[in-house]
Every structure is written in C-alpha cells, then in structure tokens.
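Let me begin by presenting the structure, written as structure tokens, before commenting on it.
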Amino acid sequence: MESDSPHRVEIPPNFEDAPIDDLVQLIADMLERLISHNDRIPLSPESLTRFHSRSAPSISVLDYLKRIVRFTNVEKSVLLITLFNIDQICARVPLFTLSSLTCHRFLITSITVASKGLCDAFCPNALYARVGGIPVTELNVLERAFLAMIEWRLMCTREILQEYYVNLVRTHSAGRYFLTGADSPSSSSDSEIDLDSGASSPTETPSQPSAVLLEHGTMHEFVTRPTIEQNMAFAALQQLQAQQEGMPHRP
Numbered sequence: 001m002e003s004d005s006p007h008r009v010e011i012p013p014n015f016e017d018a019p020i021d022d023l024v025q026l027i028a029d030m031l032e033r034l035i036s037h038n039d040r041i042p043l044s045p046e047s048l049t050r051f052h053s054r055s056a057p058s059i060s061v062l063d064y065l066k067r068i069v070r071f072t073n074v075e076k077s078v079l080l081i082t083l084f085n086i087d088q089i090c091a092r093v094p095l096f097t098l099s100s101l102t103c104h105r106f107l108i109t110s111i112t113v114a115s116k117g118l119c120d121a122f123c124p125n126a127l128y129a130r131v132g133g134i135p136v137t138e139l140n141v142l143e144r145a146f147l148a149m150i151e152w153r154l155m156c157t158r159e160i161l162q163e164y165y166v167n168l169v170r171t172h173s174a175g176r177y178f179l180t181g182a183d184s185p186s187s188s189s190d191s192e193i194d195l196d197s198g199a200s201s202p203t204e205t206p207s208q209p210s211a212v213l214l215e216h217g218t219m220h221e222f223v224t225r226p227t228i229e230q231n232m233a234f235a236a237l238q239q240l241q242a243q244q245e246g247m248p249h250r251p
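If you want it as structure tokens, here you go:
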C-alpha cells in the first residue's frame with residue numbers, strides 16, 4: 001500500500017511529537033482489543049478488585065479517553081505510561097485483568113497518579129473524579145489501591161514509552177498508522193513484540209527486554225515484565241484450562 005494512501009496516516013517517529021488525538025486512537029485500539037479478549041474469561045470471586053464496576057460503563061474506551069484529554073489536558077507520557085502500569089500490575093497481581101468492568105476506573109486512576117508523579121501541573125482529584133464519572137472519595141480509595149499494586153513505582157524510562165508507542169503503531173488493528181521514515185509496515189525495530197506469539201524478534205530473546213524503573217534519578221533493579229500481548233496469550237490459556245476443567249471426565 002502506498003504511504004500516501006488516504007486510508008493511512010503518517011505520524012512522527014517519536015511519541016513526543018505525535019498528535020495527541022492519534023495517540024488516543026492508538027491506545028484505545030489496543031485497550032479495546034484487550035478488553036474484548038479478557039471479557040471472555042469467567043469472572044471468579046477471588047479476582048474482584050476495587051476497580052471492578054457492577055456493570056460496564058456505557059461510554060466507550062475511546063470516548064472516555066477523549067473526555068479525559070479534553071478536560072484535564074493530560075500529557076502524552078501520562079497516557080503511554082498507563083500501558084506500562086497495566087503490565088506492571090498484571091505481573092504483580094496475576095488475577096487482575098483489564099476488562100470492560102475495570103478499564104474505565106483503571107484509566108482515570110492511572111492518569112491521576114501518573115499526572116501527579118510526572119507533571120509539574122496537574123488537576124485536583126475532584127476534577128479527575130468528575131471527568132471520570134466517579135465520586136472523589138472513590139477515586140481517593142482507588143488511588144491508594146493503585147499505588148499499592150504498583151508498589152509506588154511511578155516512573156519508567158523514556159525508551160520504554162517509545163517502545164510502547166512504536167508497538168501501538170505496528171499492531172494497530174486496521175493498520176492505519178505508520179511512522180515517518182518507515183518504508184513499510186514490516187520495517188520495525190528489533191525490540192518490537194509479535195502480537196500473536198508474544199515472542200520478540202529473532203534478534204532478541206523470547207522474553208520482553210527488562211525495564212529499568214527510575215525514581216528520583218536512581219536506577220533500580222531490572223524487572224522482567226510481560227507485555228500486554230503476552231497477557232492476552234496467558235488469558236487465552238486460562239480460558240482454555242477453565243473450559244477443560246468444566247468438561248465431564250471420560251475414562
């Protein structure tokens with residue numbers, strides 16, 4: 001497909017330069033695919049968290065993100081670090097899944113926490129809560145639960161956020177976006193992750209490269225983290241095992 005096709009959108013190679021509307025589209029596309037997958041997993045009582053709603057909100061993930069961006073002037077790094085936070089929590093709390101019942105509360109909480117940790121200027125919790133459609137007392141509780149789940153590790157490197165950005169472009173469900181300077185959709189960096197298998201490119205080891213978490217300029221230990229794509233594959237395995245366990249035994 002030609003790069004000047006009206007069906008494809010060229011965006012800058014660095015996430016800092018990308019239009020925020022395109023970044024929202026990319027993130028929402030990934031989250032909606034993840035939610036669609038995880039909603040097929042039976043919900044068990046032990047997997048319930050503070051982030052679970054009684055029913056799925058009527059607003060889509062895309063419209064919810066657009067609302068947050070419109071009223072809170074959220075920064076691009078804060079949006080991308082939400083994906084990193086999903087990976088952090090899924091690694092530390094294996095029972096947690098991002099679904100239609102948890103995604104909206106998770107998003108507004110992650111953005112609230114990350115804005116405070118990364119930005120010089122941010123909104124009060126009362127505004128984040130009003131934009132997110134939850135009481136401020138509930139957001140306060142969610143914020144404490146969220147910080148405990150990520151063990152107060154609020155930072156990650158710019159390189160990690162850039163990896164998320166590149167992979168969002170590469171794995172977009174409609175293949176609509178491409179980076180400036182990319183000759184074709186296959187001209188991706190060696191660090192990208194295969195969506196179907198969860199494995200890295202042939203030049204990398206099968207596991208996702210470790211992330212260096214930073215706090216006040218200090219380098220902490222390397223933490224191996226599963227990617228969102230790997231979480232999807234693991235969720236599929238859990239679903240298959242649950243189905244097999246529910247089948248009658250045959251001698």
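So in full-length UniProt numbering the end of the sequence shown lands on 251, straight run, no missing numbers. Every residue gets a Cβ at the ideal spot worked out from N, C-alpha and C, and that includes glycine. Source: prediction; values computed, not measured.
| Check | Outcome |
| --- | --- |
| Backbone CA spacing between S36 and V24 [nearest angstrom] | 18 Å |
| Strand pairing of I11, partner residues [DSSP] | L179 |
| DSSP three-state assignment for D39, whether helix, strand or coil | coil |
| Distance CB(I150)-CB(Q88) smaller than 8 Å | yes |
| As assigned by DSSP and simplified to three states, the class of C103 | helix |
| Neighbour-count burial assignment, D29, 16 or more Cβ in a 10 Å radius | buried |
| N85 versus S110 - alpha carbon distance | 7 Å |
| Segments of 3+ residues assigned as beta strand (DSSP E) that fall wholly inside the stretch 42–76 | none |
| F15 versus L80, P94 and F71, residue with shortest Cα-Cα distance | L80 |
| Whole-angstrom C-beta distance between I108 and L62, which should lie under 8 Å | At roughly 15 Å, the Cβ-Cβ gap does not stay under 8 Å, so L62 and I108 are not in contact. |
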